[in-house]
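So the sequence shown is residues 1 to 129, counted in the numbering used here. We put the CB at the ideal spot given by N, CA and C, even for glycine. Just so we're clear, the structure is a prediction, and the values are computed from it rather than from any experiment. A quick write-up on the structure given underneath.
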Amino acid sequence: MINCRYIAKGKAKGELITSSEPISFLGGVNPENGEIIDPNHELKGKIIKDKILFIPGGKGSTVGSYVIFQMMKNKTAPKAIICLNAEPIIATGAIMSDIPMVDSPSQTENLTDGTLVEVDADNETITIL
């Protein structure tokens with residue numbers, strides 16, 4: 001079990017998709033299908049829909065919060081978000097969209113692409129399944 005910090009309530013299970021680079025949701029993610037479209041991002045072409053997204057944090061415009069909300073409405077959002085250091089743009093988007101979100105995981109070496117995890121924001125834990 002990995003300890004973490006609560007950002008947005010909820011619990012979700014799913015497959016991790018990880019990046020060592022921050023993501024800008026405005027212009028970096030297509031809210032219609034959940035695809036990373038930033039041509040310079042290491043996840044370009046990958047779909048984050050129904051995944052547990054693990055990123056260092058977000059970047060870019062505050063409108064990114066509304067892109068996350070639009071993704072929730074379109075059913076293209078990640079199931080949960082794990083950040084090394086949460087920042088207001090993604091945190092606000094996750095809270096508005098009821099997407100469980102945590103940050104500051106106590107260890108990260110086992111949080112790799114394709115790993116099945118459960119994020120329990122309410123209890124501040126990440127469990128590898």
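For glycine 34, the CB contacts under 6 Å within the same chain, skipping 5 residues up- and downstream, are Ile47, Ile48, Lys49 and Thr76 in chain order. Straight across, the Cα-Cα distance linking aspartate 113 with glycine 45 is about 15 Å.
The DSSP assignment places complete alpha helix (DSSP H) segments of no fewer than 4 residues inside the region 3–70 at 25–28, in order along the chain.
Within the same chain, and ignoring the five residues on either side of leucine 43 in sequence, the residues whose Cβ sits closer than 6 Å to its Cβ are Ser19 and Ile36. Looking at the backbone, the Cα of glutamine 70 and that of serine 97 are separated by about 8 Å.
A direct Cα-to-Cα measurement between lysine 13 and valine 119 gives close to 6 Å. Pairing phenylalanine 54 with leucine 26, the inter-Cα distance amounts to about 18 Å.
Excluding residues up to 5 positions away in sequence, Gly14, Glu15, Leu16, Ile17, Pro78 and Lys79 lie with their Cβ nearer than 8 Å to the Cβ of lysine 51 in the same chain. Glutamate 124 is positioned such that its CB atom lies closer than 8 Å to that of tyrosine 6. Secondary structure of alanine 94 (DSSP, three-state): helix.
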